[in-house]
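*Asks:* Have a look at this one before I ask anything.
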Amino acid sequence: MKTKKADHRFTEDIAREYEMITLAYPDFEALQRTMVEGIDFSRGQEQPFRLLEIGTGDGFTTVKLARAMERAGDGAVLTTVDISAEMLAKARDLLEGALGEHHVQYRQMDALAFLQDEPEGHFDVVATSFTLHNFERTYRESVEQQIHRVLRPGGVYTNADKYAPSGQEQFDALALHIDHFFAAFLPQGKTELLRKWVIHNISDQSPRHVMFVDETVSRLEKLGFREVRIEQQTGLQAVLRARKG
Ligand SMILES: C[S@@+](CC[C@H](N)C(=O)[O-])C[C@H]1O[C@@H](n2cnc3c(N)ncnc32)[C@H](O)[C@@H]1O
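Our numbering numbers the first residue of the sequence shown as 13 and each following residue consecutively.
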């Protein structure tokens, strides 16, 4: 059983982590908000609304999704999947503190393995935030295929994440991004964090990880998504929305 002390420690850790993320990515909240506000929670069918989140993390997106899902009516369920038990524990703690009673199912599993086990057409929406850019390309493409399979016809896939422009624009945006990290972390003396963010963000733009806007849109269209849109492109980040045809 959790103690009060453990709860308090989690809350402090989560608040600190959130502060660092928003320092590094000032658009983080705005992108997540756009992603969540763009979800249509009206199902127009008998079954309760089913929303899947991939990559729970600390639960920052999960809280926003769970709040917005109140519009979906009775019985709506948010399933959130993360490979890390530690992250899920933090998210559960955050959600219980922020929302009290809520209808969230936490699944500790590899995202692709989870998706492969789910029935076709099971979810109304698959939402994810700042997770897929960490996946290697071939794995990510399998995840996208499975997202398409598990969505009902007309269901929506949405992702607030790192979607890069190509060519010189990509490198100009990366340079600005790194310049911003220096401005944010150096005055706070957080040099080790600065080093990690710089390395991570360079690796995000490498051939192994990069998610180019144009490539992603045409790949999703080939998978059978329609109305594939990139919104709120700010440097290397954007919100993607697509509907299963
Ligand atoms: C950067 S966090 C994003 C968290 C949250 N969505 C947000 O926007 O704050 C990425 C999360 O994806 C999880 N993750 C990484 N690889 C995964 C995989 N193969 N399957 C499921 N979860 C994974 C990590 O454990 C981590 O919690």
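Note that beta-carbon positions come from the ideal geometry of N, C-alpha and C, so glycine has one too.
Can you tell me the Cα-Cα spacing of Asp-216 and Ala-250, whole angstroms?
*Replies:* Position 204 of the sequence shown, counted from the start, is the residue given in the question as residue 216. Position 238 of the sequence shown, counted from the start, is the residue given in the question as residue 250. Cα-Cα distance, rounded: 14 angstroms.
*Asks:* Would you mind sorting Gln-117 into buried or exposed? The rule is 16 or more other CB atoms within 10 Å of its CB.
*Replies:* Translated into the one-based positions of the sequence shown, residue 117 becomes position 105. With fewer than 16 Cβ atoms within 10 Å of its Cβ, Gln-117 is classed as exposed.
*Asks:* Thinking just about the alpha-carbon of each residue, which of Met-223, Thr-92, Leu-63 is nearest to the one in Arg-83?
*Replies:* Residue 83 sits at position 71 when you count from the first residue of the sequence shown. It is Leu-63.
*Asks:* Sorted by chain position, which residues of the same chain lie with C-beta nearer than 7 angstroms to Glu-243's C-beta, five sequence neighbours on each side aside?
*Replies:* The residue you call residue 243 lines up with position 231 of the sequence shown. Counting only Cβ-Cβ distances below 7 angstroms, and skipping sequence neighbours, we find Thr-46, Ala-250, Val-251, Arg-253.
*Asks:* Is the beta carbon of Ala-172 less than 8 angstroms from the beta carbon of Phe-142?
*Replies:* Taking the first residue of the sequence shown as 1, we reach residue 172 at position 160. Taking the first residue of the sequence shown as 1, we reach residue 142 at position 130. Yes, these two residues count as a Cβ contact at 8 angstroms.
*Asks:* Could you give the first and the last residue of the continuous beta strand (DSSP E) run that contains Gln-245?
*Replies:* As a position in the sequence shown, residue 245 is number 233, starting the count at 1. Start and end: 237 to 246.
*Asks:* I'd like the list of long-range same chain contacts for Leu-198, defined as Cβ closer than 7 angstroms, with 5 residues on each side in sequence excluded.
*Replies:* Mapped onto the sequence shown, residue 198 falls at position 186. Cβ neighbours of Leu-198 beyond the five flanking positions: Leu-206.
*Asks:* Please report how far the alpha carbon of Asn-146 lies from the alpha carbon of Glu-49, in whole angstroms.
*Replies:* Position 134 of the sequence shown, counted from the first residue, corresponds to residue 146. Position 37 of the sequence shown, counted from the first residue, corresponds to residue 49. Whole-angstrom Cα-Cα distance: 24 angstroms.
*Asks:* Nearest by alpha-carbon distance to Thr-92: which of Val-138, Arg-238, His-192, Phe-61 is it?
*Replies:* Residue mapping note: residue 92 aligns to position 80 of the sequence shown, counting from 1. Thr-92 has its Cα closest to that of Val-138, out of Val-138, Arg-238, His-192, Phe-61.
*Asks:* DSSP has Phe-135 in a bridge; who is on the other side?
*Replies:* For this step, residue 135 is matched to residue 123 along the sequence shown. According to DSSP, which records beta bridges pairwise, Phe-135 is partnered with Leu-163.
*Asks:* Measure the beta-carbon distance from Glu-29 to Asp-70 and round it to whole angstroms, keeping in mind my assumption that it falls under 8 angstroms.
*Replies:* In the sequence shown, residue 29 corresponds to position 17, counting from 1. In the sequence shown, residue 70 corresponds to position 58, counting from 1. Sure, about 6 angstroms apart at Cβ, within 8 angstroms.
*Asks:* What is the DSSP secondary structure of Ile-66, reduced to helix, strand or coil?
*Replies:* Counting from one through the sequence shown, the residue named residue 66 turns up at place 54. Looking at Ile-66 - three-state DSSP - the assignment turns out to be strand.
*Asks:* Would you kindly report the start and end of the unbroken alpha helix (DSSP H) that includes Ala-97?
*Replies:* By 1-based counting over the sequence shown, the position of residue 97 is 85. Where Ala-97 is concerned, the enclosing alpha helix (DSSP H) stretches over 97 to 111.
*Asks:* Does Gly-67 pass the burial test, meaning 16 or more other C-beta atoms within 10 Å, or should it be called exposed?
*Replies:* Your numbering for residue 67 matches position 55 in the sequence shown. By the 10 Å Cβ count, Gly-67 comes out buried.
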